[in-house]
Amino acid sequence: MLRSSILRAVDFCNRYAWWVIVVGVALAAASSVYAVRHFAIKTDVKDLFPHDLPWTQQAFEFMKAFPQPEMLVVVDAPTPELVDQASTQLAGALAHRPDRFRAVHEMQGGPFFQQNGLLYLPQSEVARLTQGLVQADPLLQTLAADPSLRGALGALDLGLMGVQYGQIQLDDLARPMTMASDTVEGAIVGGPASFSWRALASGKAPEPQELRRFIEVEPVLDYSALEPGRAASDAIMQTVGELRLDHDYQARVRLTGLVPMNDDQFGTIREGAPLTAAVSLVSVIVILWLALRYKRIILAVAVNLAAGLAISAAFGLLVVGALNVISIAFFVLFVGLGVDFGLQFSVR
Numbered sequence: 055m056l057r058s059s060i061l062r063a064v065d066f067c068n069r070y071a072w073w074v075i076v077v078g079v080a081l082a083a084a085s086s087v088y089a090v091r092h093f094a095i096k097t098d099v100k101d102l103f104p105h106d107l108p109w110t111q112q113a114f115e116f117m118k119a120f121p122q123p124e125m126l127v128v129v130d131a132p133t134p135e136l137v138d139q140a141s142t143q144l145a146g147a148l149a150h151r152p153d154r155f156r157a158v159h160e161m162q163g164g165p166f167f168q169q170n171g172l173l174y175l176p177q178s179e180v181a182r183l184t185q186g187l188v189q190a191d192p193l194l195q196t197l198a199a200d201p202s203l204r205g206a207l208g209a210l211d212l213g214l215m216g217v218q219y220g221q222i223q224l225d226d227l228a229r230p231m232t233m234a235s236d237t238v239e240g241a242i243v244g245g246p247a248s249f250s251w252r253a254l255a256s257g258k259a260p261e262p263q264e265l266r267r268f269i270e271v272e273p274v275l276d277y278s279a280l281e282p283g284r285a286a287s288d289a290i291m292q293t294v295g296e297l298r299l300d301h302d303y304q305a306r307v308r309l310t311g312l313v314p315m316n317d318d319q320f321g322t323i324r325e326g327a328p329l330t331a332a333v334s335l336v337s338v339i340v341i342l343w344l345a346l347r348y349k350r351i352i353l354a355v356a357v358n359l360a361a362g363l364a365i366s367a368a369f370g371l372l373v374v375g376a377l378n379v380i381s382i383a384f385f386v387l388f389v390g391l392g393v394d395f396g397l398q399f400s401v402r
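Take 55 as the starting number for the sequence shown in the numbering used here and just add one per residue.
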């Protein structure tokens, strides 16, 4: 029955060839105009599958119970003081962009941790820090009275007087002197220079986690764009440049989270689309030429393929309103099947 239906369709097209061509061209042109004017794509990965499926409901429940940050800003700097200042300044600037961010949370800083941060340290660590502050009280008083290079040199001179009177050991000044020397030498040669009073008071080098801060951002997403969070990501990096965080605080800012990673994946698709399309087009033409070797038949197959793509796109947009990333994959499938059927009809 299928064979007889195909034969009748082919016979009809042969009898009324020009009418078929006119109707096909008109339908393809109308479909192309409709597809161009109404083209829309939804890039929300949560809408790829129906929400009433058991496994999608379980996935939503899991994400609700264990939410993951949509966008996480990672700030690194050479000292704890610099990373605190850089992250606080960046978080404050982003909070004033409600057009791009619904909420901004400074996860390791802010007024709460500035007031209560010591409560989250082990008791032994708190005791060590307070003991260091007590011992450094004369030094801190000198710096508070004159917070300049002259005051810093005066504080070091005070330390040397302590050695002279036997109150401290000379070895105790080795680390502060080395830190000060490295900072001054870095400034003299014009390179990045930083000095951490917190590291000096604690008596040890900062841990890696002390030099990194996280800012959780809830971006405003545009699911009609191929990269929904690109505008928010660009706004963050633009703010970083405007605040001169790399220059003033030697800070490095990076982005991670579900939104930036998905945007990178979609961006890879967009960047590779022209090359992929060109290679596919050349491959299709070569395959048609090797199989048919007749220009008029090759042109007919190519025109039918283009018309079928336009009609399929218009029909999909008319039915569902907006395509998703899986729909885009079916365009590639359509090309492969269209070429295959075109070859089958042409060689028989």
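A virtual CB, placed ideally from N, CA and C, is assigned to each residue, including glycine.
Item: Would you mind stating whether GLY283 and VAL307 have Cβ atoms separated by less than 8 Å?; Value: no
Item: With a cut-off of 8 Å, do at least 3 Cβ pairs link the stretch 130 to 150 to the stretch 100 to 113?; Value: no
Item: If we count the other Cβ atoms within 10 Å of its Cβ and call it buried at 16 or more, is GLY171 buried or exposed?; Value: exposed
Item: I believe CYS67 touches VAL74 by the beta-carbon criterion, under 8 Å. Please report the beta-carbon distance rounded to the nearest angstrom.; Value: 5 Å
Item: Take PRO262 and list the residues in its own chain whose beta-carbon comes closer than 8 Å to its own, dropping the five residues that flank it on each side.; Value: none
Item: Beta-carbon within less than 8 Å of ARG156's beta-carbon, same chain only, minus the 5 sequence neighbours each way: which residues are those?; Value: GLU272, PRO273 and VAL274
Item: Do VAL389 and LEU346 come within 8 Å of each other at the CB atom, strictly closer than that value?; Value: no
Item: If you draw a straight line from the alpha carbon of PRO165 to that of LEU148, how long is it in whole angstroms?; Value: 16 Å
Item: Using a Cβ-Cβ cut-off of 8 Å (strictly less than) and excluding sequence neighbours within five positions of GLN122, which residues of its own chain qualify?; Value: GLY311 and LEU312
Item: From PHE268 to GLU160, what does the alpha carbon distance come to, in whole angstroms?; Value: 7 Å
Item: Quick one: grab the DSSP three-state call for PRO273.; Value: strand
Item: Keeping to the same chain, check which residues put their C-beta closer than 6 Å to that of LYS96; ignore five residues upstream and five downstream.; Value: TYR277, ALA376 and ASN378
Item: Return the chain-ordered list of same chain residues with a C-beta closer than 8 Å to the C-beta of ALA63, the five sequence neighbours on each side being excluded.; Value: none
Item: From PHE93 to LEU371, what distance separates their C-alpha atoms?; Value: 7 Å
Item: Under three-state DSSP, which class holds THR330?; Value: helix
Item: Does ASP138 pass the burial test, meaning 16 or more other C-beta atoms within 10 Å, or should it be called exposed?; Value: buried
Item: Can the beta-carbon of LEU144 be found closer than 8 Å to that of THR293?; Value: yes
Item: Does THR310 come out as helix, strand or coil in the three-state DSSP assignment?; Value: strand
Item: With a threshold of 7 Å on Cβ separation, who are the neighbours of MET125 within its own chain once the five nearest residues in sequence on each side are excluded?; Value: VAL271, PRO273, GLY283, ALA286, LEU309, GLY311, VAL313 and PRO314
Item: With 16 other CB atoms within 10 Å as the buried threshold, where does LEU391 fall?; Value: exposed
Item: Could you check what DSSP says for LYS258 in three-state terms: helix, strand or coil?; Value: coil
Item: Return helix, strand or coil for GLU160, following the three-state DSSP convention.; Value: strand
Item: Taking only three categories from DSSP, how would you classify PHE93?; Value: coil
Item: What residues match up with VAL74 in a beta bridge as DSSP calls it?; Value: DSSP lists no partner for VAL74.
Item: What does the Cβ neighbour count give for ALA305, buried or exposed, with the cut at 16 atoms within 10 Å?; Value: buried
Item: Can you tell me the Cα-Cα spacing of PRO176 and VAL188, whole angstroms?; Value: 19 Å
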